[in-house]
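See below for the structure under consideration.
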Amino acid sequence: VKIELKPKIYQLEEIIVKPIDLKTYTLGNFCEPDSPYGNSFPSKNLGTEIGVMIKLPEDVDKAYLKELRFYVGEFTYDYFTVRLNVYNIKDGLPDKNILNEQIFIDINSTGEYIIDLKRKNIATTGDFFVFLEYFKIPDQHEGKLIFCAVHNPDIYKGNGYYRLTSHGKWNREYGDNLGLSVKVECEE
């Protein structure tokens with residue numbers, strides 16, 4: 073059997089591809105490793121989350137997350153695994169997790185943690201929240217995990233939030249806010 077196909081030509085509209093100018097910002101709470109302030113998970117319940125609201129610069133609508141940074145000031149476990157969650161905002165509170173895949177961070181010592189997010193293709197439109205979640209009970213049940221934090225003397229200027237269970241109510245952190253920052257690229 074011989075089958076013949078006749079070609080059909082389609083004319084597509086012309087498109088022009090232009091480079092986008094991107095500007096890099098570091099946003100959130102930047103703290104040094106010797107910060108006298110600290111913050112930890114407020115509960116040992118799985119699903120407990122602590123994090124911060126990230127506000128984009130004025131006139132910026134879209135951002136691409138490139139890097140996450142935090143310091144661990146005190147650590148006595150062998151290791152501690154947390155999950156990163158990034159939420160959009162609805163009515164001033166975290167809403168839906170915008171990550172396409174789970175991102176786990178293994179904490180095994182004090183010091184600075186820089187998590188490369190470039191290949192994760194995380195894009196956000198508007199302000200957003202970044203949280204660390206108490207995801208897995210460590211083998212060593214007793215220990216300390218204290219993150220470096222920033223102190224906000226005016227309780228209404230803090231950007232920290234937490235919740236005690238994975239579907240619990242979001243609460244505002246009125247003391248020391250987690251020293252969590254992100255490096256983002258924004259369209260100019």
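In the working numbering, the protein residues as written are 73 to 260. No residue lacks a Cβ here, since even glycine has one placed at the ideal position from N, Cα and C.
Beta bridge counterpart(s) of ASP178 as assigned by DSSP: THR153
LEU236 Cβ short of 7 Å to the ligand GDP heavy atom set: This structure does not include the ligand GDP; it has no bound ligands of any sort.
CA nearest to the CA of TYR109, picked from GLU146, LEU77, GLU260: Put simply, of GLU146, LEU77, GLU260 the residue whose alpha carbon is nearest the alpha carbon of TYR109 is GLU146.
Alpha helix (DSSP H) segments (min. 4 residues) lying fully within the region 120-169: At a cut-off of 4 residues, not a single continuous stretch assigned as alpha helix (DSSP H) sits fully inside the region 120-169.
Stretch-stretch touch, CB-based, cutoff 8 Å, three pairs: the region 110-125 with the region 229-249: yes
Proximity below 8 Å, CB of VAL254 to CB of GLU139: yes
C-beta atoms of GLU205 and ARG155 nearer than 8 Å: A distance below 8 Å separates the beta carbons of GLU205 and ARG155.
Contacting residues, own chain, Cβ-Cβ under 6 Å from CYS103 (five flanking each side not counted): CYS220, VAL222, GLY251
Straight-line Cα distance separating PHE142 from ASP248: 14 Å
For TRP278, the nearest candidate out of PRO114, ILE87, LYS80 (CA to CA): This structure gives no information on residue 278, because the portion of the chain shown stretches from 73 to 260.
Member of GLN174, ASN193, LEU137 whose CA lies at the smallest distance from the CA of ASN157: GLN174
Residue(s) in a DSSP beta bridge with VAL254: LEU99, LEU140
Strand pairing of THR197, partner residues [DSSP]: LYS134
Residue interval of the beta strand (DSSP E) (run including GLU184): Segment 183-188, the beta strand (DSSP E) holding GLU184.
DSSP bridge partner residues for VAL202 (one or two, in chain order): Bridge partners of VAL202: VAL124, VAL158.
For GLU245, the nearest candidate out of ASN111, LYS80, ILE179 (CA to CA): ASN111
Test item: CB-CB of ILE187 and ILE177 under 8 Å: yes
Outcome for LEU94 when other beta-carbon atoms lying within 10 angstroms are tallied against a minimum of 16: exposed
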